[in-house]
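Read through the structure below, which is laid out as structure tokens, and then see the notes.
Residue numbers (our numbering): 21 to 271.
See below:
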């Protein structure tokens, strides 16, 4: 089985495309978003797995990251907001592409990429049919207050008290957990031992969202005991199964 990999730009966003050329029909499009201080190439194994599974995969650089970097350390929540607000335009750039079906579209985000997914779900126009945040929470304030977050900012060069408090204020001012979130098929996965993503914040969100789902299977929350801030093979296999069910009609 061949997988084609192409480096290109859409709407001036640098990205990777991965797809199977042996599939004649349009494949469901999945946007795959990397984490904080990362870049599109860092999630190639995850992108490859989805491409093998029959999806047309688009892995863009987040705002202020990778080939979109201005050389300065990016502010976390500003990068999240700007990236999320550009997703619909990026998706629509593929509407005439015969390789991809941007109507049956999904989003997968890791860490900061998962925050992007939650922020997107709080917007007025949601075009994705399924969203899979990994090691992420919709409660940005909980992320800002997590014990390891300050250390992460210090290591990134944002360790001053002023910079840290600015990030905390941004998280509270524009927090998806405090806004209505679209109840579309949603798979959330995180680690119980994650020092950056408090598992209890995800559980609170799950309890709040459950009454909005007529089909309970459309909201899936998996918290892994002992798992820290990293995705696993099992998490990625769960993503493939979830997207196959909701974008390809399998299972």
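In this text, a Cβ means the ideal position worked out from N, Cα and C, and glycines have one as well.
Original post:
Within this structure, are the beta carbons of residue 158 and residue 196 separated by less than 8 Å?
Top reply: yes
Original post:
If you check the beta carbons only, do residue 150 and residue 43 fall under 8 Å apart?
Top reply: no
**OP:** Pull up the CB-CB distance for residue 116 and residue 46, whole angstroms please, since I reckon it's below 8 Å.
**Re:** Wrong, their Cβ atoms sit about 11 Å apart, outside the cutoff.
Original post:
So is residue 29 in contact with chain B if we call contact Cβ pairs under 8 Å?
Top reply: Within the model displayed, chain B is absent; a lone protein chain is all it includes.
Subject >> N-terminal and C-terminal residue of the alpha helix (DSSP H) that residue 161 is part of >> reply: 160-165
Original post:
Which runs of the alpha helix (DSSP H) spanning at least 4 residues fall entirely within the segment 121-149, listed in chain order?
Top reply: 132-141
Original post:
For residue 152 versus residue 177, is the C-beta distance shorter than 8 Å?
Top reply: no
Subject >> Identified DSSP bridge partners for residue 58 >> reply: When DSSP reads this structure, residue 58 sits in no beta bridge, so it has no partner.
Original post:
When DSSP builds the beta bridges, which residues end up paired with residue 89?
Top reply: DSSP output for residue 89 lists no bridge partner at all.
Subject >> Contact set for residue 190: own chain, Cβ-Cβ below 6 Å, skip 5 residues either direction >> reply: Around residue 190, the same chain offers 97 as residues with beta carbons nearer than 6 Å, after the five sequence neighbours per side are excluded.
Subject >> Pairwise C-alpha distance: residue 138 and residue 22 >> reply: 33 Å
Subject >> Close Cβ partners of residue 238 (< 6 Å) along its chain, the five nearest in sequence each way excluded >> reply: Answer for residue 238: 205, listed in chain order.
Subject >> Among 244, 154, 27 and 58, the one whose alpha carbon lies nearest that of residue 93 >> reply: 58
**OP:** Evaluate the contact criterion for the segment 74-83 versus the segment 98-106: three or more CB pairs, one atom per stretch, below 8 Å.
**Re:** yes
Original post:
The alpha helix (DSSP H) spanning residue 258 covers which residue range?
Top reply: 253-267
Subject >> Straight-line gap, residue 61 to residue 129 (C-alpha atoms, nearest Å) >> reply: 14 Å
Original post:
So, helix, strand or coil for residue 75, using DSSP?
Top reply: In the three-state reduction of the DSSP assignment, residue 75 falls in the coil class.
Subject >> Where residue 180 falls, given that 16 or more other Cβ within 10 Å makes a residue buried >> reply: exposed
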